[in-house]
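In mature numbering (1 follows the signal peptide of the UniProt record, and there is no 0), the protein residues as written are -27 to -1, 1 to 121. Cβ atoms here follow ideal geometry from the backbone N, Cα and C, with glycine treated the same way. To start, the structure itself, in structure tokens.
Right under this line is the structure:
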């Protein structure tokens, strides 16, 4: 016969284990949520884009009230720069900086000579904040996203 203390301990252990799984499921991933040719739409009637100036090599802006980060690059429409991962280099309070990882370009693929925007959208990492300027780095380029 199992004692009530043993049942309580087993129940508490099961609840703790379930909590770990639920909390880890809530953490945003580091892979892109979406990517598409063009610029992201302005949010809630905001005019223009929040960073990088017009057609600079790298732009970034908050989406969905800071829940997502849109990163826009400019270049060839047939060989767009598409981020594959987002990494926190400096968490909030220590620099608030992320890096967008992109694969090396394939030197054998012919690319058109046009200059168009391409946007990759990521969930905002948990270790950064919208209440500080966010530095976004992609290779040798960087831009700053203003406070949301």
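Bounding residues of the beta strand (DSSP E) (the contiguous stretch that carries residue i)
{"i": "residue 114", "result": "114 to 118"}
{"i": "residue 8", "result": "7 to 10"}
{"i": "residue 48", "result": "41 to 48"}
{"i": "residue 60", "result": "58 to 63"}
{"i": "residue 38", "result": "That residue, residue 38, is in no beta strand (DSSP E); it is neither H nor E in DSSP."}
{"i": "residue 90", "result": "89 to 96"}
{"i": "residue 67", "result": "Unbroken run through residue 67: none, as it is neither H nor E."}
{"i": "residue 109", "result": "107 to 111"}
Residue i versus the options, residue with shortest Cα-Cα distance
{"i": "residue 97", "options": "6, 14, 42 and 15", "result": "42"}
{"i": "residue 81", "options": "74, 52, 90 and 107", "result": "52"}
{"i": "residue 46", "options": "89, 113, 108 and 105", "result": "89"}
{"i": "residue 114", "options": "72, 104, 9 and 103", "result": "72"}
{"i": "residue 9", "options": "112, 55 and 116", "result": "55"}
{"i": "residue 110", "options": "6, 44, 12 and 4", "result": "44"}
{"i": "residue 39", "options": "102, 31, 108 and 91", "result": "102"}
Distance between beta carbons of residue j and residue i, contact taken as under 8 angstroms
{"i": "residue 50", "j": "residue 85", "result": "6 angstroms"}
Neighbourhood of residue i by C-beta, 8 angstroms cutoff - its chain only, sequence neighbours within 5 removed
{"i": "residue 21", "result": "Annotation note: pLDDT 42 at residue 21 (below 50); position unreliable, coordinate value reported separately. Counting only Cβ-Cβ distances below 8 angstroms, and skipping sequence neighbours, we find 15."}
{"i": "residue 75", "result": "54, 55, 56, 57, 111 and 112"}
Spatial neighbours of residue i in its chain, beta-carbon cut-off 7 angstroms, leaving aside the 5 residues before and after
{"i": "residue 104", "result": "120"}
{"i": "residue 87", "result": "49 and 50"}
Alpha carbon of residue i to alpha carbon of residue j, nearest angstrom
{"i": "residue 37", "j": "residue 68", "result": "23 angstroms"}
{"i": "residue 2", "j": "residue 60", "result": "10 angstroms"}
{"i": "residue 34", "j": "residue 77", "result": "24 angstroms"}
{"i": "residue 31", "j": "residue 83", "result": "22 angstroms"}
{"i": "residue 118", "j": "residue 108", "result": "6 angstroms"}
{"i": "residue 65", "j": "residue 11", "result": "29 angstroms"}
{"i": "residue 106", "j": "residue 99", "result": "15 angstroms"}
{"i": "residue 92", "j": "residue 79", "result": "20 angstroms"}
Cβ shell of residue i (< 6 angstroms), same chain only, five flanking positions each side left out
{"i": "residue 63", "result": "70"}
{"i": "residue 7", "result": "94"}
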